[in-house]
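First the structure, in the form of structure tokens, and then the observations on it.
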Amino acid sequence: QTDHHEVIIGPRDFIDLSEKVIWHLDQPIADAVLTAYFRLAQFAACEVKMVLTGEGGDELFAGYARYAGEQFAPLFQRIPRHLKSLLLTTSTFLPGFRAPKQALHALSQKDEVSRFTNWHPLFNSARMGDLVSDNLKDELNGSWLRNRAIEQCLDRTDAIESLHRFLYVDTKLWLPDDLLTRGDKLTMAASLEARVPLLDSKLVEFVASLDPNLKIKKLKRKYLMKKVSQKWLPNKIVNQNKKGFPMPVSMWMRNEAR
């Protein structure tokens with residue numbers, strides 16, 4: 001049994017918290033969820049001194065939609081170009097993926113690094129291109145800087161399956177340089193200690209050694225974690241859609257926060 005508490009954040013809170021979040025992070029991490037994360041840490045610190053967080057669950061057990069989407073890559077690349085657009089008009093193609101055009105672009109890439117960068121929200125070339133001028137794009141020689149880090153990471157793993165290779169990159173780059181960094185800094189800023197039980201070294205090594213089919217089965221992500229969780233949690237909880245800390249920032253910027 002749990003004892004839930006509700007924390008409400010309005011547009012004014014978002015602006016005030018954002019200034020504090022930027023100061024505490026001390027590095028560029030752009031994500032509107034950070035304000036909600038920080039506010040939650042502040043609230044929790046009033047009741048407890050230490051919390052357990054779920055970071056690592058997606059990167060170990062394949063929780064992101066892109067991992068399931070990558071399973072289509074070998075098949076998709078053999079499909080004639082004129083049929084690929086037709087596939088994207090069906091509602092069942094790549095279930096759970098909210099950006100079909102991005103999915104098509106990612107699946108169309110023949111090399112592993114390009115597919116990874118186009119699946120990933122952080123490395124997506126189209127989004128990155130919107131942030132820099134044409135002159136800077138030329139100076140960076142396309143996506144060389146961000147691709148090289150991924151290439152080096154992939155070279156260090158002896159995993160054969162594409163799923164395990166993608167999980168390895170996220171575990172080595174995305175997890176420590178984004179999720180764990182922001183979590184550690186924002187909880188400490190609230191005088192709260194956060195621990196990540198899923199990243200116990202023995203658990204990480206064990207899960208990494210498991211068959212990929214235990215992580216994604218019939219496009220069901222986190223298959224093993226959900227299967228194990230059914231022993232203690234009702235199916236309604238185990239199988240509910242993934243949720244983070246959604247923030248109506250666009251609406252606020254158009255209306256109240258202007």
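Under the UniProt record's numbering, the residue at position 247 of the sequence shown is numbered 247, and the numbers go up by one with no gaps.
Each residue gets a CB set at the ideal place from its N, CA and C atoms; glycine is no exception.
These numbers come from a predicted model, not from an experiment.
Quick check on this structure: which residue in the options has the alpha carbon closest to the alpha carbon of residue i?
| i | options | result |
| --- | --- | --- |
| residue 45 | 231, 233, 190 and 3 | 190 |
| residue 36 | 55, 173 and 183 | 183 |
| residue 22 | 61, 185 and 154 | 185 |
| residue 159 | 152, 151 and 168 | 168 |
| residue 112 | 163, 26 and 221 | 163 |
| residue 5 | 233, 43, 119 and 20 | 43 |
| residue 221 | 132, 153, 11 and 63 | 63 |
| residue 206 | 29, 65, 180 and 60 | 60 |
| residue 71 | 103, 11, 232 and 253 | 103 |
| residue 254 | 11, 3, 1 and 179 | 11 |
| residue 9 | 218, 17 and 73 | 17 |
Near residue i, which residues of its chain fall below 8 angstroms by C-beta distance, leaving aside the five closest residues on each side in sequence?
| i | result |
| --- | --- |
| residue 149 | 173 |
| residue 230 | 238 |
| residue 50 | 192, 193, 194 and 195 |
| residue 244 | 33 |
| residue 27 | 181 |
For the beta strand (DSSP E) holding residue i, just list the boundary residues, first then last.
| i | result |
| --- | --- |
| residue 51 | 50 to 52 |
Since residue i and residue j are thought to touch, with beta carbons under 8 angstroms apart, how far apart are those beta carbons, to the nearest angstrom?
| i | j | result |
| --- | --- | --- |
| residue 165 | residue 157 | 6 angstroms |
| residue 106 | residue 69 | 7 angstroms |
| residue 181 | residue 29 | 7 angstroms |
| residue 66 | residue 24 | Contact flag wrong, Cβ pair sits at about 29 angstroms. |
| residue 247 | residue 38 | Their Cβ separation, rounded to whole angstroms, is 12 angstroms, which puts residue 247 and residue 38 out of contact at 8 angstroms. |
Quick check on the DSSP output: the alpha helix (DSSP H) that includes residue i runs from which residue to which?
| i | result |
| --- | --- |
| residue 5 | Looking at the DSSP string, residue 5 is not in any alpha helix (DSSP H), and its letter there is neither H nor E. |
| residue 216 | No alpha helix (DSSP H) holds residue 216; DSSP gives it neither H nor E. |
| residue 39 | 33 to 45 |
| residue 62 | Taken as a continuous stretch (DSSP letters only), residue 62 belongs to no alpha helix (DSSP H), as it is neither H nor E. |
| residue 235 | 235 to 238 |
| residue 115 | 112 to 119 |
| residue 76 | 73 to 76 |
| residue 231 | No alpha helix (DSSP H) holds residue 231; DSSP gives it neither H nor E. |
Could you pull out every residue in the same chain whose Cβ sits closer than 7 angstroms to the Cβ of residue i, ignoring the five residues on either side in sequence?
| i | result |
| --- | --- |
| residue 214 | 223 and 224 |
| residue 212 | 161, 163 and 164 |
| residue 7 | 39, 40 and 43 |
| residue 251 | none |
Apart from the five residues just before and just after residue i, which ones in its own chain have a Cβ nearer than 6 angstroms to its Cβ?
| i | result |
| --- | --- |
| residue 114 | none |
| residue 197 | 52 |
| residue 91 | At residue 91, the pLDDT of 44 sits below 50, so the modelled position is not reliable; the number obtained from the coordinates is stated separately. Contacts found: none. |
Measuring only from the beta carbon, is residue i closer than 7 angstroms to any heavy atom that is part of the ligand NAP?
| i | result |
| --- | --- |
| residue 25 | For the ligand NAP, the structure offers nothing, since it holds no ligand at all. |
Length at least 4, wholly inside the stretch 140 to 175: the alpha helix (DSSP H) runs in chain order: 144 to 155 and 162 to 169
Contiguous alpha helix (DSSP H) assignments of at least 4 residues, all confined to the stretch 181 to 211: 201 to 208
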